[in-house]
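Chains as they are written, first to last, in our numbering: chain A, 1 to 168; chain B, 1 to 168. Glycine included, every Cβ here is placed at the ideal spot set by N, Cα and C. For clarity, every value in this text was computed on a predicted model and none was experimentally measured.
There are 2 protein chains.
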Amino acid sequence: MAEQGSGPVVRTVLQQCLRARLQVKPAEENQEAQFVQIDRGMVVYICFFKGATEHILPKLVSTLLNLRLCESTSGPVVSVSELPGSLLLVPQATLGGRARGRTMQYHSNISKEDGLRLYAAFVSLCEQQLLAAAARTGVQVSVQHGTYGNRQVLQLDTNGPYTHLMEF
Amino acid sequence: MAEQGSGPVVRTVLQQCLRARLQVKPAEENQEAQFVQIDRGMVVYICFFKGATEHILPKLVSTLLNLRLCESTSGPVVSVSELPGSLLLVPQATLGGRARGRTMQYHSNISKEDGLRLYAAFVSLCEQQLLAAAARTGVQVSVQHGTYGNRQVLQLDTNGPYTHLMEF
């Protein structure tokens, strides 16, 4: 989906899950760690590159929510909106890495400030669109997400992750 | 790492894990499902494209085993060979998908016969090289792998997957 002649501005890795659980706040003195969790649905690992702007978000979210990536109980492959399933969004700057010798470099990644802003808008658009689609089915789903810039402590339980790469 | 002017012939997605468990044989009548498991180490999802041959394997395996992708307890990032950690190899044909409209197509993927042969050689080379590297440290590690062409029922427990994409 990346435009011809230029590199992608967003890289995503998509995995199907039966259940996924992500730490959103590490344990502190006198306070246990906090987690978010989804059941059946899709985990989206996302990394923004330099040059990414808000303009990419409608196409990005529409594609992720409407691509037929999920097994349905009735047989055909359907989108996460059609399933309907939940979403777990995981900011993953490491996806922007390029090997130089034995070391990974992340020079193409967006700045932390711009990335945080885009990530927040991405989460918000996913919430709007998935919840609107699911409302039509009457099934309860949710959009959960990790905290930008933090360690993403993740537990994943799948019936086959069906890992896909999508670049924009 | 892909050669200039031509697309990649191998796509891998790499995730760090504390523990990962993969079904290698589904349950049958009178027989429970069979699983393989690793503790601390790296999960390698791999997809071969048309045009991939055995020639790519030494560079592929050497890169995966020696890239510095793993947190060490002492601080610096080290390779899975240096950690040393275990490997779970997961054949993942879905990684070769390209979106056409809302549907994923897998026309660039290698044929099943060639893929099976390359995958077996890949597993074997990972075993040789990781076990040789780990023998020097005296630490017990293992190389586990999924069954080519089967559903990859996976459970993953991470302290941060640090997802990387590497193409060759």
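Rounded to whole angstroms, the separation of the alpha carbons of R136(B) and D39(A) is 43 Å. Chain-ordered listing is empty here: chain B has no CB closer than 8 Å to the CB of V9(A), the nearest sitting near 15 Å. Per DSSP, L88(B) is one residue of the beta strand (DSSP E) stretching across S86 to P91.
Distance between G101(A) and G85(B), taken at the CA atoms: about 20 Å.
Along the region 146-162 of chain B, the positions whose C-beta sits under 7 Å from a C-beta of chain A are R151, Q152, V153, L154, Q155, L156, D157, T158, N159, G160, P161 and Y162, read in chain order. Rounded to whole angstroms, the gap between the alpha carbons of E82(B) and L22(A) is 28 Å.
When C-beta atoms of the region 44-61 of chain B are compared with those of the region 104-114 of chain B, three or more pairs fall below 8 Å, so the two segments count as touching.
R68(B) belongs to the set of residues whose beta carbon lies under 7 Å from a beta carbon in chain A. By the criterion of a C-beta distance shorter than 8 Å, L118(A) is surrounded in its chain by F48, A52, T53, E54, L57 and I110, once the five residues flanking it on both sides are discounted. Taking C-beta separations shorter than 8 Å and ignoring five residues to either side along the sequence, the partners of A134(A) in its chain run S81, P84, Q140 and V141, following chain order. Rounded to the nearest angstrom, the Cβ distance from L95(A) to T63(B) is 17 Å, too far for a contact under 8 Å. Note on geometry: alpha-carbon atoms of C70(A) and L18(A) lie some 11 Å from one another. Using a Cβ-Cβ cut-off of 7 Å, A133(A) does not count as an interface residue toward chain B, since no Cβ of chain B sits closer than that to its own.
V10(A) places its beta carbon 7 Å or farther from that of Y45(A).
Taking the Cβ atoms as the reference, L156(B) lies roughly 7 Å from Q15(B), within the contact range of under 8 Å. Proximity of A33(A) to chain B, defined by a Cβ-Cβ separation below 7 Å, is not satisfied. Sequence-distant Cβ neighbours of S79(A) in its own chain, meaning closer than 8 Å and more than five residues away, are L65, N66, L67, R68, L69 and C70. A distance below 6 Å between beta-carbons, with the five flanking residues on each side excluded, links R98(B) to the following residues of its chain, in chain order: Q105. Burial check for A93(A): the Cβ neighbour count within 10 Å reaches 16 or more, so the residue is buried. In this chain, the beta strand (DSSP E) harbouring A20(B) covers R19 to K25. Taking G160(B) as reference, the option from V153(A), L165(A) and N159(A) with the minimal CA-CA separation is V153(A). Around the beta carbon of P8(B), a 10 Å sphere encloses 16 or more other beta carbons of the protein chains shown; the residue is thus reported as buried. Interface flag for V13(A) against chain B is set, since a Cβ pair is found closer than 7 Å. For Q128(B) and V143(B), the gap between their C-alpha atoms comes out near 9 Å. For the region 94-168 of chain B, the continuous alpha helix (DSSP H) assignments of 4+ residues that do not extend past its boundaries occur at 112-135, in sequence order. Put simply, the backbone Cα of C126(B) is about 8 Å away from that of L87(B).
Across the set G75(B), P26(B) and V61(B), the C-alpha of V61(B) shows the shortest separation from the C-alpha of S124(B). Counting along the chain, V61(A) sits inside no beta strand (DSSP E); it lies in the alpha helix (DSSP H) bounded by residues L57 to N66.
Annotated as proximal: V13(A) and L165(A), with beta-carbon spacing under 7 Å. For the C-beta of G51(A), not a single chain B residue is nearer than 9 Å; the gap to the nearest is close to 18 Å.
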